[in-house]
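Asks:
Protein chains: 2
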Amino acid sequence: MQATRSTADQILDEGRRLIMTRGYNGFSYADIADAIGIRKPSIHHHFAAKSDLAIAVVEQSRAIIAAQVELLAEAEPDASEQLRAYAAYWERCIADDSAPFCVAAMLAAELPSLPDDLAVAVRGHFATLTKWLTRLLTLGARQGSVSLVRSPAEEADAFMSAIYGAMLSARAFGEPARFTTITETLLSRVVRLR
Amino acid sequence: MQATRSTADQILDEGRRLIMTRGYNGFSYADIADAIGIRKPSIHHHFAAKSDLAIAVVEQSRAIIAAQVELLAEAEPDASEQLRAYAAYWERCIADDSAPFCVAAMLAAELPSLPDDLAVAVRGHFATLTKWLTRLLTLGARQGSVSLVRSPAEEADAFMSAIYGAMLSARAFGEPARFTTITETLLSRVVRLR
DNA sequence: CTCCATCTACCTATCAGTCGGTAGGCTGCA
DNA sequence: TGCAGCCTACCGACTGATAGGTAGATGGAG
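Sequence lines, in order, name chains S and B.
Each residue of the first sequence is one higher than the one before, starting from 1 at the first, in the UniProt record's numbering.
Each residue of the second sequence is one higher than the one before, starting from 1 at the first, in the UniProt record's numbering.
(1) Using three-state DSSP, classify residue 149 of chain B as helix, strand or coil.
(2) Over what stretch of residues does the alpha helix (DSSP H) that includes residue 140 of chain B continue unbroken?
(3) Looking at chain S, is there any beta carbon in it that lies within less than 8 Å of the beta carbon of residue 58 of chain B?
(4) What does a CB cutoff of less than 6 Å around residue 143 of chain B pick up in its chain, not counting 5 residues either side in sequence?
(5) Residue 174 of chain B to residue 148 of chain B, Cα distance in whole Å?
(6) Output yes if chain B places a C-beta closer than 8 Å to the C-beta of residue 195 of chain S; else output no.
(7) May I have a chain-ordered list of the alpha helix (DSSP H) segments no shorter than 4 residues that lie completely inside the UniProt domain "HTH tetR-type" (5 to 65) of chain S?
(8) Hey, does residue 23 of chain B have any beta-carbon neighbour from chain S nearer than 8 Å?
(9) Could you compute how far the alpha carbon of residue 35 of chain S sits from the alpha carbon of residue 161 of chain B?
(10) Pull out every residue of the region 134 to 164 of chain B whose Cβ sits closer than 8 Å to any Cβ of chain S, in chain order.
(11) Where residue 101 of chain B and residue 110 of chain S are concerned, what is the direct C-alpha to C-alpha distance, given to the nearest angstrom?
(12) What residues in the region 167 to 185 of chain S bring their beta carbon closer than 7 Å to a beta carbon of chain B?
(13) For a quick check, are the C-beta atoms of residue 129 of chain S and residue 24 of chain S less than 8 Å apart?
(14) By Cβ distance, which residues of its chain are closer than 8 Å to residue 38 of chain S, with the 5 residues on each side in sequence left out?
(15) Could you give the distance in angstroms between the alpha-carbon of residue 83 of chain B and the alpha-carbon of residue 150 of chain B?
(16) Using a Cβ-Cβ cut-off of 8 Å, state whether residue 14 of chain B counts as contacting chain S.
(17) Find the residues of chain B that neighbour residue 26 of chain S, judging by a C-beta separation of less than 7 Å, and give them in chain order.
(18) For residue 13 of chain S, which residues in the same chain have their Cβ closer than 6 Å to its Cβ, ignoring the five residues on either side in sequence?
(19) Identify each residue in the region 55 to 84 of chain B for which the Cβ-Cβ distance to at least one residue of chain S is less than 7 Å, and report them in chain order.
(20) Drop a sphere of 10 angstroms on the beta-carbon of residue 43 of chain S, count the other beta-carbons inside from all chains shown, and report buried for 16 or more, exposed for fewer.
(21) Cutting at 7 Å between CB atoms, please list the residues of its own chain near residue 98 of chain B, excluding the five before and the five after it.
(22) Check whether chain B comes within 8 Å of residue 49 of chain S, counting only Cβ atoms and requiring the distance to be less than that.
(23) Nearest to residue 168 of chain S by CA position, among B/10, B/105, B/53, is which residue?
(24) Do you know offhand how far residue 40 of chain B's Cα is from residue 53 of chain B's?
(25) What are the residues that DSSP puts in a beta bridge with residue 191 of chain B?
(26) Does DSSP classify residue 78 of chain S as helix, strand or coil?
(27) Thinking just about the alpha-carbon of each residue, which of S/10, S/112, S/5, S/21 is nearest to the one in residue 170 of chain S?
(28) Quick check on this structure: which residue in B/10, B/176, B/81 has the alpha carbon closest to the alpha carbon of residue 57 of chain B?
(29) Assign residue 154 of chain S to one of two classes, buried (16 or more other C-beta atoms within 10 Å of its C-beta) or exposed (fewer than that).
(30) Are at least three pairs of beta-carbons, each pair with one atom in the region 118 to 133 of chain S and one in the region 61 to 73 of chain S, less than 8 Å apart?
(31) Answer yes or no: does any C-beta atom of chain S fall closer than 8 Å to that of residue 189 of chain B?
(32) If contact is defined by three or more beta carbon pairs under 8 Å, each pair taking one atom from either stretch, is the region 177 to 185 of chain S in contact with the region 70 to 79 of chain S?
(33) Just reading off the alpha helix (DSSP H) that residue 175 of chain S is part of, what are its end residues?
(34) Going by DSSP, what residue range makes up the alpha helix (DSSP H) through residue 110 of chain S?
(35) Quick one: does residue 103 of chain S have its CB under 8 Å from some CB of chain B?
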């Protein structure tokens with residue numbers, strides 16, 4: 001274990017930050033080079049093409065989310081609480097500005113202009129996320145802790161959309177707190193009182 | 001009235017199309033020049049800077065929406081029906097690919113990297129839209145056609161977020177129909193049955 | 001003659017990416 | 001022990017393409 005992060009990891013971190021704030025078309029290798037104090041060609045040594053870096057960022061995000069989801073399922077058997085925890089996770093990220101936007105959501109908006117292989121990775125995230133949410137809502141309906149007016153799959157899509165829309169609103173108004181208000185409104189419609 | 005659109009209008013139209021599909025950082029004056037068959041510097045004659053063009057696109061969109069909203073209020077006094085009509089408007093746009101994404105939503109995602117004057121115009125759209133939706137939901141609650149669990153302002157934010165999130169989902173999955181499914185789920189939660 | 005839209009020609013800055021090369025660490029072998 | 005051979009990480013200098021933007025000439029319409 002080394003004290004400082006590896007160069008590849010630093011590039012990955014800065015790449016994630018830039019994609020979240022400016023989007024794929026809004027940053028360059030020069031930005032990353034300046035930020036971490038190396039020269040531009042050195043980045044190509046670690047990530048041959050810009051799309052390779054973006055794909056690595058997306059895949060890393062997916063791995064982190066998958067791990068979080070698994071951890072969450074073990075720690076909290078109640079589906080509605082898992083739903084809350086998912087929203088709370090994004091709340092924290094947006095409030096402390098560590099992740100003011102979901103990487104995949106940002107890239108989804110830019111999808112029509114992205115390289116094909118990157119687009120595939122982005123679509124993969126959405127497929128995985130809706131699958132998980134669908135399972136979660138199905139479980140919640142069985143447990144009686146969430147109330148659905150539509151099929152679990154349709155409600156999962158609507159829930160995910162609302163979360164990502166809330167991120168957009170928070171950014172549009174420059175008010176991170178807006179995310180919290182919106183998701184609370186959302187949850188108060190879906191989660192059954194006990 | 002002339003048979004063909006003015007060059008400025010053609011530039012505006014192509015600019016709107018490009019912002020919707022690729023975002024502000026995803027297109028150039030060269031793209032527009034190619035699309036409408038003029039040289040690049042001719043665009044500068046009509047819109048001095050790229051940000052001026054984008055601002056014009058946003059302002060035009062806001063004017064169109066304002067006119068539509070006014071027309072809608074006259075034609076349909078029921079708030080829940082106006083809400084449905086608003087969703088139906090976007091459904092049509094996304095289904096026929098004439099406007100697969102809201103210009104302001106796309107720009108909102110890119111906000112941190114936009115020129116200041118453009119950012120102001122974008123934020124203006126969101127302020128106007130939430131104000132209208134808040135009024136509409138207040139009216140709906142009074143009429144008894146919509147059911148709110150939170151304040152009209154909070155519900156308006158949540159509704160708007162859900163609509164924009166639905167656009168993102170439709171794009172992420174490459175399925176325009178997804179927008180319809182999601183907004184129907186949304187409306188079924190808000191609009192009271194009679 | 002004037003004005004306006006458009007043009008050609010050009011600018012500087014930056015883009016992603018390539019090239020040849022170097023510094024230094026590790027490995028295996030004599 | 002010493003050294004050859006290879007490796008990773010990084011560099012300066014560069015490429016062709018493209019970015020947004022400018023200057024000044026041209027040509028047609030009122």
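All residues carry an ideal CB built from backbone N, CA and C; glycine is no exception.
Please read these numbers as outputs of a predicted model, since none were measured by experiment.
Replies: This is what the structure gives:
(1) coil
(2) 116 to 143
(3) no
(4) 79
(5) 32 Å
(6) Any property of residue 195 of chain S remains undetermined from this structure, which presents chain S solely from 1 to 194.
(7) 7 to 22, 29 to 36, 40 to 46
(8) yes
(9) 33 Å
(10) 149, 150, 154, 155, 157, 158, 160, 161, 162, 163, 164
(11) 11 Å
(12) 168, 169, 171, 172, 173, 178, 181, 182, 185
(13) no
(14) 7
(15) 17 Å
(16) no
(17) 25, 110, 113
(18) none
(19) none
(20) buried
(21) none
(22) no
(23) B/105
(24) 13 Å
(25) B/146
(26) coil
(27) S/21
(28) B/10
(29) buried
(30) yes
(31) yes
(32) no
(33) Per DSSP, residue 175 of chain S belongs to no alpha helix (DSSP H) and is neither H nor E.
(34) Careful: residue 110 of chain S lies outside any alpha helix (DSSP H) and carries neither H nor E.
(35) no
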